[in-house]
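S.K.: In the numbering used here, the protein residues as written are 26 to 199.
The beta carbon of each residue, even a glycine, is placed where N, CA and C say it ideally should be.
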Ligand SMILES: [Zn+2]
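(1) For my contact list, residue 62 and residue 110 are in at a C-beta cut-off of 8 Å; report their separation, rounded to the angstrom.
(2) Starting from the Cα of residue 136, find the closest Cα among 121, 154, 119 and give me that residue.
(3) Determine, using beta-carbon pairs with one atom in the segment 92 to 108 and one in the segment 156 to 169, whether at least three such pairs fall under 8 Å.
(4) Which residue or residues does DSSP assign as beta-bridge partners of residue 94?
(5) State the beta-bridge partners of residue 196 as determined by DSSP.
(6) Assess contact between the segment 78 to 85 and the segment 131 to 149, defined as three or more Cβ pairs (one per stretch) separated by less than 8 Å. Is contact present?
(7) Can we count residue 96 as close to ligand 1, meaning its CB is less than 7 Å from some heavy atom?
(8) In this structure, what does DSSP give as the bridge partners for residue 182?
(9) Is the separation between the beta-carbon of residue 72 and that of residue 90 shorter than 8 Å?
(10) Residue 92 and residue 106: beta carbons closer than 8 Å?
(11) Which word fits residue 124, buried or exposed, when buried means at least 16 other C-beta atoms lie within 10 angstroms of its C-beta?
(12) Can you tell me where the alpha helix (DSSP H) holding residue 142 begins and where it ends?
(13) Any heavy atom of ligand 1 inside 7 Å of the beta-carbon of residue 124?
(14) Flag residue 62 as yes when its Cβ comes closer than 7 Å to any non-hydrogen atom of ligand 1, and as no otherwise.
(15) Does DSSP put residue 66 in a helix, in a strand, or in coil?
Laid out in structure tokens, this is it:
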């Protein structure tokens with residue numbers, strides 16, 4: 026694809042199954058999508074593997090912008106994505122979607138540091154993790170952060186929902 030130097034490319038077989046799957050995917054790939062969100066939708070949601078951000082809204086690839094992080098928080102990086110989405114990429118509706126049974130809402134900062142430190146065998150007491158002490162309060166704050174951002178036009182609809190990973194249902198909370 027691109028001509029640039031890669032050191033030791035191919036010496037690691039950890040990705041072989043994924044590359045094989047990609048070859049199958051690409052064999053019947055049509056392309057032709059544009060970079061804008063066709064349905065004007067953007068989601069900010071958690072990295073949790075149980076969430077399929079397009080399918081839970083009946084959307085398909087090309088329909089929406091998706092920004093994910095631990096907890097589905099409206100961080101500075103998420104705001105950067107929202108500002109680009111609403112101004113340049115066709116986004117008219119932004120959904121902030123944390124979820125039930127989220128690890129980031131079930132632990133304190135110190136607990137996450139301890140777990141990470143134990144897992145990797147290094148001191149993690151200096152690291153910051155975006156834990157959520159009160160999911161509802163954080164969701165309201167996050168929606169407000171977007172609504173009050175000077176580079177987000179008033180015409181953009183912003184709302185907060187909680188996704189139930191057991192029932193698959195979205196409930197509007199903000
Ligand atoms: Zn989560």
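M.R.: Concretely, from the data shown:
(1) On the chain shown, residue 62 is found 37 positions in, with the first residue counted as 1. On the chain shown, residue 110 is found 85 positions in, with the first residue counted as 1. In this structure, residue 62 and residue 110 form a Cβ contact; the two beta carbons are roughly 7 Å apart against a cut-off of 8 Å.
(2) For this step, residue 136 is matched to residue 111 along the chain shown. Residue 136 has its Cα closest to that of 154, out of 121, 154, 119.
(3) Of all C-beta pairs linking the segment 92 to 108 to the segment 156 to 169, three or more are shorter than 8 Å, placing the two stretches in contact.
(4) On the chain shown, position 69 is the one that residue 94 refers to. 71.
(5) In the chain shown, the residue the question calls residue 196 occupies position 171. Residue 196 pairs with 187.
(6) These segments do not touch.
(7) Residue mapping note: residue 96 aligns to position 71 of the chain shown, counting from 1. With a cut-off of 7 Å, the C-beta of residue 96 is classified as near ligand 1, since at least one heavy atom of the ligand falls inside that distance.
(8) Within the chain shown, residue 182 is the residue found at index 157, counting from 1. DSSP lists 118 as partners of residue 182.
(9) Residue mapping note: residue 72 aligns to position 47 of the chain shown, counting from 1. Residue mapping note: residue 90 aligns to position 65 of the chain shown, counting from 1. Contact flag unset, no.
(10) Locating residue 92 in the chain shown gives position 67, where the first residue counts as 1. Locating residue 106 in the chain shown gives position 81, where the first residue counts as 1. Cβ distance < 8 Å, so residue 92 and residue 106 count as in contact.
(11) Along the chain shown, read from residue 1 onward, the residue named residue 124 stands at position 99. Result: buried.
(12) In the chain shown, counting from the first residue as 1, residue 142 sits at position 117. That run of the alpha helix (DSSP H) goes 134 to 145.
(13) If you number the chain shown from 1, residue 124 lands on position 99. When distances are taken from the beta-carbon of residue 124 to the heavy atoms of ligand 1, the shortest one is below 7 Å.
(14) Your numbering for residue 62 matches position 37 in the chain shown. Ligand 1 has no heavy atom closer than 7 Å to the beta-carbon of residue 62.
(15) Sequence index remark: in the chain shown, residue 66 carries index 41 (1-based). Strand at residue 66.
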